[in-house]
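K.L.:
Number of protein chains: 2
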Amino acid sequence: MDKFTIKDIAKLADVSTATVSNYLNSNYAKMSSTTQKKLAGIIDKTNYHPSTTARNLAKNENKTIGVSVADITNPFTSPVISGISEKCEQYGYKMVFTNSNNDEQREIENINRLREDEVAGLIIDPVNPNNNIYNQLSNSFTVIVDRQSQRSIIDTIITDNMKSVQKMTSKMLSKNYTDLYFVTWPLDGISTRLNRYAGFNKATGYSDNEHLVTIPYNYDSSKDTSLEKRIKIILRDPDKKVGFFTMNSRVLQEFLKATQKMSYTYPRDFGVATYEEFDWMQLMKPAISCIRQDSFAIGCEAMELLKDKLGTSYNSEPSPKVKTIATQLIIRDSF
Amino acid sequence: MDKFTIKDIAKLADVSTATVSNYLNSNYAKMSSTTQKKLAGIIDKTNYHPSTTARNLAKNENKTIGVSVADITNPFTSPVISGISEKCEQYGYKMVFTNSNNDEQREIENINRLREDEVAGLIIDPVNPNNNIYNQLSNSFTVIVDRQSQRSIIDTIITDNMKSVQKMTSKMLSKNYTDLYFVTWPLDGISTRLNRYAGFNKATGYSDNEHLVTIPYNYDSSKDTSLEKRIKIILRDPDKKVGFFTMNSRVLQEFLKATQKMSYTYPRDFGVATYEEFDWMQLMKPAISCIRQDSFAIGCEAMELLKDKLGTSYNSEPSPKVKTIATQLIIRDSF
DNA sequence: CTGTTAGCGCCTTCAT
DNA sequence: ATGAAGGCGCTAACAG
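Which chain is which? The protein sequence lines are A and B, in order.
Here the first sequence stands for residues 36 to 370, where the numbers follow the numbering used here.
Here the second sequence stands for residues 36 to 370, where the numbers follow the numbering used here.
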């Protein structure tokens, strides 16, 4: 192993460690071009790399950010990570990654562990943004992503949930649907779901929850038939023209599985649209109308914001910022 | 901020830092139960956390592993990360994450950066496993995942590419297909593609490349029509019964887009099956037959192996291990 | 331009 | 059972 330390290099070059250190930190003004070249040569020959650990300790800084995601299995998550990762490299940060697997307790542990590791900043895709743990975090070094807390004290990057669903729902309405339904996992106070539902209600004017179809988070259409039953009832009256809006791609999948089992066909028997876009939706026959969100941009913006905060020491903004990333309606043939 | 150091705690407890250190490292034998309790109380009150940086420096160890993935955008990647992440938490490792975005140069930089950060071990999902950089890595602290090098010196976890494709292809053959085609991104010496193709050839007995359909890595069916043309030619002769096997889910998507544009229908006009399984494949009409691989298990096994290697100091095995994760054939209605 | 000298926060013999 | 002291590899004044 090449266990060279700064001392070894100093000895080899016949200079002091301070000079080597200066060289390492690009303070070339503080040395002759002769020693500069000598150092360059030696460091190259020895393949010396300064210890980041020692450096971090000495400078009392740590160019790494911690990220905690709610569920890495969620297809939404990858592009977000990708965006964060992109910006991390660009700004010279490392990223240490944790997955909460939708478990609040585990998320708490992850965040604590991250903080103990003295990361410079935190990006959190929260399991439950109303969790108290976020109030113990400082807005000066963390940003939250995707889900937003009611009483948040922390800057947040979200997508335009309400407006985009409202628009899509309106589009459906304009096709003379008599009844629209919002299909979702349990609302559970989760802002993304709540806001999408709010957009739906805004467009339809519904004020009760009769047009809300909730399925369990781990709904398995091969075992559970409750969704099928509900759909059958909804579709009973042939005089009505009914449409469904699904809260995300996985809910859409369960919904479609259920309708297929009962041999319903869209847009003949019902209309359908969904939040989230994935490639396969255009492969479906007919192709699915959907709301495209730019998850990659969410990740980028999050890291961008975090970097800015980390740069400026303690700018205590009065209230946390909320940045909204634009979405796009993709209209196809499913309603 | 709670900037307590081990000195502060020592002072507060009226003991030496050595004792505090012993407490932190659970060397309770080396102190009276009185001071033990006192320390417990103080540490709790002050919410003191020892600096991992300092600790790492002092002990010259670092419980973090670095992972480099070829393309986080690839749906194969998430479950792998998920598996690694799971095992990391289980064994008390942190994981620092980098994405190469399919860029060999970037991968090299990532790996180097990771090594400079003195991670304990490396898990690599390589862009090009035949790259020289892997030969500079020691098998004692790295494991490779998914793609395998011809002349590898490093333990690798892969899935059963050849056999499973061979089986699936045989299944197609048994349905009296007269011509089978293998649709893929450029083979480029990449083991996964090569092995899948080898399985295909083993089953069909083809020995030339006439039944190989290659599309560019970034094939965009909305701009490029080469795939359509090729398919049209292949499907020209109505007397032949032809089937396609696609190398992975994204190739399948491009393939399906192309056939849809020309209004071909499966299994009427052709049969199709693919490597990789995703939920949407059972939603397609007809549902797609595919090969399910357990990517999560790949991640788990990789970290498991790495942990073992890191534990035992320098077991220099004669030759690198290759562990194969089993796959499963999912037969549906697409051929 | 270059070297000396304290630390950074913790661990680890070696004494007591 | 506890403490003193040196050291991990590097940085940052401060001298010269």
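Note that beta-carbon positions come from the ideal geometry of N, C-alpha and C, so glycine has one too.
1) Determine the chain B residues that contact K319 (chain A) at a beta-carbon separation under 9 angstroms, and present them in chain order.
2) Where does V162 (chain B) sit, in a helix, a strand or coil, going by DSSP?
3) Taking buried to mean at least 16 other C-beta atoms within 10 Å of its own C-beta, is A337 (chain B) buried or exposed?
4) Under three-state DSSP, which class holds T191 (chain A)?
5) Given a cut-off of 8 angstroms, decide if F313 (chain B) and P114 (chain B) are closer than it, judged by their beta-carbon atoms.
6) Which same chain residues, not among the five before or five after Y126 (chain A), have their C-beta less than 6 angstroms away from its C-beta?
7) Closest by CA to I269 (chain A), which one among A:N230, A:F217, A:L222 and A:Q317?
8) Counting only Cβ pairs nearer than 8 angstroms, list the residues of chain B close to F132 (chain A).
9) Report the residue from B:L215, B:S175 and B:I189 whose alpha carbon sits nearest the alpha carbon of N165 (chain B).
10) Taking only beta-carbon positions, decide if Q328 (chain B) is within less than 8 angstroms of chain A.
11) How would you label T112 (chain A), buried or exposed, when you count the other beta carbons within 10 angstroms and need 16 or more for buried?
12) Indicate the three-state DSSP secondary structure (helix, strand or coil) for D135 (chain B) in the structure shown.
13) Is it the case that the Cβ atoms of F280 (chain B) and A308 (chain B) are separated by a distance below 8 angstroms?
14) Rounded C-beta distance between F132 (chain B) and A155 (chain B)? I'm assuming under 8 angstroms.
15) Distance check for N82 (chain A) and E153 (chain A), CA to CA, integer angstroms please.
16) For Q140 (chain A), does the count of other Cβ atoms within 10 angstroms reach 16, so buried, or fall short, so exposed?
17) DSSP three-state call for I146 (chain A): helix, strand or coil?
18) Please list, in chain order, the residues of the segment 84 to 95 of chain A that have any C-beta partner in chain B closer than 7 angstroms.
19) Using alpha carbons as the reference points, say which of A:V286, A:W315, A:G278 and A:K344 lies closest to F370 (chain A).
20) Decide yes or no for the touch test of the segment 41 to 49 of chain B against the segment 81 to 99 of chain B: beta carbon pairs closer than 8 angstroms, at least 3 of them.
21) Residue range of the alpha helix (DSSP H) that T81 (chain A) falls in?
22) What ranges does the alpha helix (DSSP H) occupy inside the segment 100 to 133 of chain A, keeping only unbroken runs of at least 4 residues that lie completely in it?
23) Hey, is K80 (chain A)'s beta-carbon within less than 8 angstroms of any beta-carbon in chain B?
24) Given that L291 (chain A) touches chain B, what residues does it touch there, using C-beta distances under 8 angstroms?
25) For the beta strand (DSSP E) that contains D214 (chain A), what are its first and last residues?
26) What separation, rounded to the nearest whole angstrom, lies between the Cα atoms of S324 (chain B) and R231 (chain B)?
27) In chain B, which residues lie with their C-beta within 7 angstroms of the C-beta of D35 (chain A)?
28) Using a Cβ cut-off of 9 angstroms, pull out every chain B residue sitting near Q171 (chain A), in sequence order please.
29) In three-state DSSP terms, what is R285 (chain A)?
30) Would you mind telling me which residues of chain A sit closer than 8 angstroms to N97 (chain B), beta carbon to beta carbon, in chain order?
31) Are Q183 (chain B) and S242 (chain B) closer than 8 angstroms when you measure CB to CB?
32) Which class does M36 (chain B) belong to by DSSP, given the choice of helix, strand or coil?
P.N.:
Answer, in terms of the structure:
1) One detail in the question is off: residue 319 (chain A) reads as Met in this sequence, not Lys. W315, L318, M319 and K320, listed in chain order.
2) Here V162 (chain B) sits in coil by DSSP.
3) Buried, since its Cβ has 16 or more Cβ neighbours within 10 Å.
4) Per DSSP, reduced to three states, the secondary structure at T191 (chain A) is strand.
5) Taking C-beta atoms as the reference points, P114 (chain B) and F313 (chain B) fail to come closer than 8 angstroms.
6) Within the same chain, K342 come within 6 angstroms of Y126 (chain A) by CB-CB distance, once the 5 residues on both sides are set aside.
7) Distance check between I269 (chain A) and each of A:N230, A:F217, A:L222 and A:Q317 places A:F217 closest, using alpha-carbon atoms only.
8) For the C-beta of F132 (chain A), the chain B residues within less than 8 angstroms are, from N- to C-terminus, I116, S120, M130, V131 and F132.
9) Out of B:L215, B:S175 and B:I189, B:I189 has the C-alpha closest to the C-alpha of N165 (chain B).
10) False, the Cβ-Cβ gap to chain A never drops below 8 angstroms.
11) Its Cβ being crowded by 16 or more others within 10 Å, T112 (chain A) is buried.
12) The residue asked about is misnamed: residue 135 (chain B) is Ser in this sequence, not Asp. In the structure shown, the three-state DSSP call for S135 (chain B) is coil.
13) Cβ distance < 8 angstroms, so F280 (chain B) and A308 (chain B) count as in contact.
14) Not really, about 15 angstroms apart at Cβ, beyond 8 angstroms.
15) Going from the Cα of E153 (chain A) to the Cα of N82 (chain A) covers about 29 angstroms.
16) Looking at its Cβ environment, which holds fewer than 16 other Cβ atoms inside 10 Å, Q140 (chain A) is exposed.
17) Note: I146 (chain A) maps to helix in three-state DSSP.
18) Contact annotation: in the segment 84 to 95 of chain A, residues whose CB is within less than 7 angstroms of a CB in chain B are H84, S86, T87, T88, A89, N91 and L92.
19) The shortest C-alpha separation from F370 (chain A) is found at A:G278.
20) At 8 angstroms Cβ cutoff, the stretches touch.
21) Per DSSP, T81 (chain A) belongs to the alpha helix (DSSP H) from S68 to T81.
22) Look at the segment 100 to 133 of chain A and you find these whole runs of alpha helix (DSSP H), each 4 residues long or longer: 112 to 126.
23) Not closer than 8 angstroms to any Cβ of chain B, the Cβ of K80 (chain A) fails to qualify, so no.
24) Near L291 (chain A) (Cβ distances below 8 angstroms), the residues of chain B are L318.
25) Counting along the chain, the unbroken beta strand (DSSP E) around D214 (chain A) starts and ends at D214 to T219.
26) Cα to Cα, the separation comes out at about 16 angstroms.
27) Absent from the model: residue 35 (chain A). The displayed extent of chain A is 36 to 370, so no value can be given.
28) Within chain B, no residue has its beta carbon less than 9 angstroms from that of Q171 (chain A); the closest one is some 10 angstroms off.
29) In the three-state DSSP reduction, R285 (chain A) falls in the helix class (H, G or I).
30) Under the 8 angstroms cutoff, chain A gives T88.
31) No, they are not a contact pair.
32) Caution applies to M36 (chain B), whose pLDDT of 47 falls short of 50 and renders its modelled position unreliable; the value that the coordinates give is listed next. Coil.
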